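Novice: Take this structure, written in C-alpha cells, and hold onto it; I'll ask about it next.
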Amino acid sequence: VIVSSTKNGDRATTHWSTCLTDGEHDLYWVPRVDDEQPHAIVALGGKAKLSNIVIHLKEEASLKYIIEGTNDPKLKDWKVIVNNSKKATRGTTLEHELKGSYHYVRIRFVDAYPEDIKITEIETR
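Quick note: the sequence shown uses my numbering, first residue 635, plus one each step.
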C-alpha cells in the first residue's frame with residue numbers, strides 16, 4: 635500500500651496505511667491535514683480481474699473520489715474505473731462494481747478535508 639501521506643506519520647499512531655489491507659477494521663488510515671491530493675494505492679500482487687471494490691470507513695462521511703487502475707509498474711497511465719467526483723457518496727461502506735484487470739488500484743479523493751478520510755479497509759474482489 636502506498637499513500638500520499640499519513641497523519642502523525644513522524645510518531646506512534648494508529649493511522650498507518652498498513653491497516654488498509656490487513657482484513658481488520660479496528661485501525662484506520664488518515665492523511666495529513668495539509669495533504670492537498672489525498673490518495674491510496676493498493677498493489678494487488680499481480681494482474682487481477684476485478685469485479686468490485688469496497689471501501690470501509692471508520693465513521694460515516696460524505697466523500698468524492700475517483701478510482702483508477704493501472705498495470706504499469708511505474709504507476710503511470712492510470713485508467714478511470716469509477717468517477718464519483720461530482721456528487722459525494724455518504725456512508726461507512728462505499729461499494730462499486732469494477733470491470734477490468736489491473737495490478738494496481740488507486741483511490742483519489744476530490745475536494746475532501748483529510749480529517750474526513752478515515753479508511754479502515756480496502757477490499758477488492
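Ideal Cβ positions, reconstructed from N, Cα and C, are used throughout, including at glycine.
Fair warning: this is a prediction, and the values are worked out from it, not measured in the lab.
#1: Could you give the distance in angstroms between the alpha-carbon of Glu658 and the alpha-carbon of Asp711?
#2: Assuming Ile751 is part of the beta strand (DSSP E), what are its boundary residues?
#3: Assign Arg740 to one of two classes, buried (16 or more other C-beta atoms within 10 Å of its C-beta) or exposed (fewer than that).
#4: Check each candidate in Asp656, Asn686, Asp745, Val637 and name the one with the smallest Cα separation from Thr754.
#5: Select from Ile689, Lys708, Pro707 the residue whose C-alpha is nearest the C-alpha of Ile700.
#6: Using a 10 Å radius around the Cβ and a threshold of 16 neighbouring Cβ atoms, would you call Glu694 buried or exposed?
#7: Nearest to Gly680 by CA position, among Asn705, His673, Val744, Thr758, is which residue?
#8: Measuring straight from C-alpha to C-alpha, what distance separates Gly725 and Ser639?
#9: Mind checking Ile636: buried by the 16 CB within 10 Å criterion, or exposed?
#10: Does DSSP put Leu691 in a helix, a strand or coil?
Specialist: Put simply:
#1: 31 Å
#2: Run containing Ile751: none; DSSP gives neither H nor E here.
#3: buried
#4: Asp656
#5: Ile689
#6: exposed
#7: Asn705
#8: 23 Å
#9: exposed
#10: strand
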